[in-house]
Structure formats: structure tokens, C-alpha cells
Amino acid sequence: MDTPIQFQILTGSTEPIYRQLIEQLRRRVAAGQWKAGQELPSVRELAAALAVNPMTVSKAYSLLEAEGLLQRRRGLAMVIAEGYDRAAPKAQRIEALRPTLARAAAEARELGIPAGQVMQLMQQLLAGEKE
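For what it's worth, full-length UniProt numbering labels the leading residue of the sequence shown as 1, then goes sequentially.
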């Protein structure tokens with residue numbers, strides 16, 4: 001593998017680990033950070049590195065392969081499929097962010113935080129402000 005692909009798993013998250021892997025891959029490909037032909041770690045390698053069940057990684061890879069983002073090569077590493085090597089259009093990048101924002105919105109509603117305060121916090125975070 002040329003460039004190591006890093007994943008960050010939030011073990012306390014309500015989002016299943018395989019979904020976290022899928023979303024991270026989609027976002028990074030959409031942003032142009034990962035290119036077509038780039039190799040991913042094997043299922044066993046990634047599972048060991050993240051201390052998760054190999055079936056979790058296999059599920060994420062299989063779902064991404066079914067949608068055409070990954071390409072399986074017999075006897076070789078899984079790679080980012082051709083056609084995904086360009087940065088995605090803005091609308092596609094926004095769609096990649098939707099699940100994360102939907103979870104944040106749901107949590108804000110559960111906590112009873114008014115929309116105005118959530119928007120203000122988001123603006124601060126986007127601007128790089130701490131508070």
C-alpha cells in the first residue's frame with residue numbers, strides 16, 4: 001500500500017462501526033483526499049489495527065463495493081474504483097456530510113437545545129473558534 005489510509009473509530013458513538021468506516025471513506029474520496037487505484041488495507045489488517053471484528057470491515061467494504069466506490073481485485077488489495085479520482089461536485093460533498101449533521105441535529109433535539117444555539121455553535125466551529 002502506497003499511502004496508509006487512516007480511520008478514526010468512535011467507540012462510544014451510536015453509529016455502528018461499519019457505518020463510520022463507510023462515511024469516512026465516502027467523505028475522503030469526495031474531497032479528493034483518496035484517489036482511484038489507491039489500495040485499502042486488507043480486511044484482516046484493518047480489523048486488527050482498529051481492534052474490531054473482521055466481519056465489520058468486510059461489511060463496510062462489501063457495501064462500498066456494491067455502490068461502486070470500491071473495486072475488488074482477485075488476490076490483490078481492494079482499491080478505490082476508477083471514476084472516483086476527482087473531487088466530487090459540491091452537491092455530492094454536501095450529501096456526504098448529511099448523515100453526520102442529521103445525527104447532530106437529532107442529538108440537539110434530544111437535549112432540548114434551540115436551533116439558534118445549534119446554528120451559532122456550528123458557525124463558531126466552522127470559523128475555528130473554541131467558544
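Just so it is clear, CB atoms sit at the ideal spot from N, CA and C, and this is done for glycine as well.
So the alpha helix (DSSP H) residue i belongs to, where does it begin and stop?
i, result
"Leu69", "Unbroken run through Leu69: none, as it is neither H nor E."
"Glu45", "Val43 to Leu50"
Exposed or buried, which one is residue i when buried takes at least 16 other CB atoms within 10 Å?
i, result
"Leu97", "exposed"
"Gln124", "exposed"
"Ile113", "exposed"
"Ala115", "exposed"
"Arg26", "buried"
"Ile94", "exposed"
Could you give the DSSP three-state label for residue i: helix, strand or coil?
i, result
"Glu15", "coil"
"Asp85", "Confidence in Asp85 is poor, its pLDDT being 47 and thus under 50, which makes the residue's placement too unreliable to answer from."
"Ile113", "coil"
"Ile22", "helix"
"Ile9", "coil"
So, using beta-carbon positions, are residue i and residue j closer together than 8 Å?
i, j, result
"Ala36", "Gly83", "yes"
"Ile22", "Leu64", "yes"
"Glu15", "Arg103", "yes"
What distance in whole Å lies between the Cβ atoms of residue j and residue i, which are believed to be in contact at a cut-off of 8 Å?
i, j, result
"Gln24", "Phe7", "6 Å"
"Leu40", "Val79", "7 Å"
"Tyr18", "Ala60", "4 Å"
Tell me, please, whether the CB atom of residue i is closer than 8 Å to any CB atom in chain C?
i, result
"Gln38", "Absence of chain C from the displayed structure is noted, only one protein chain being present."
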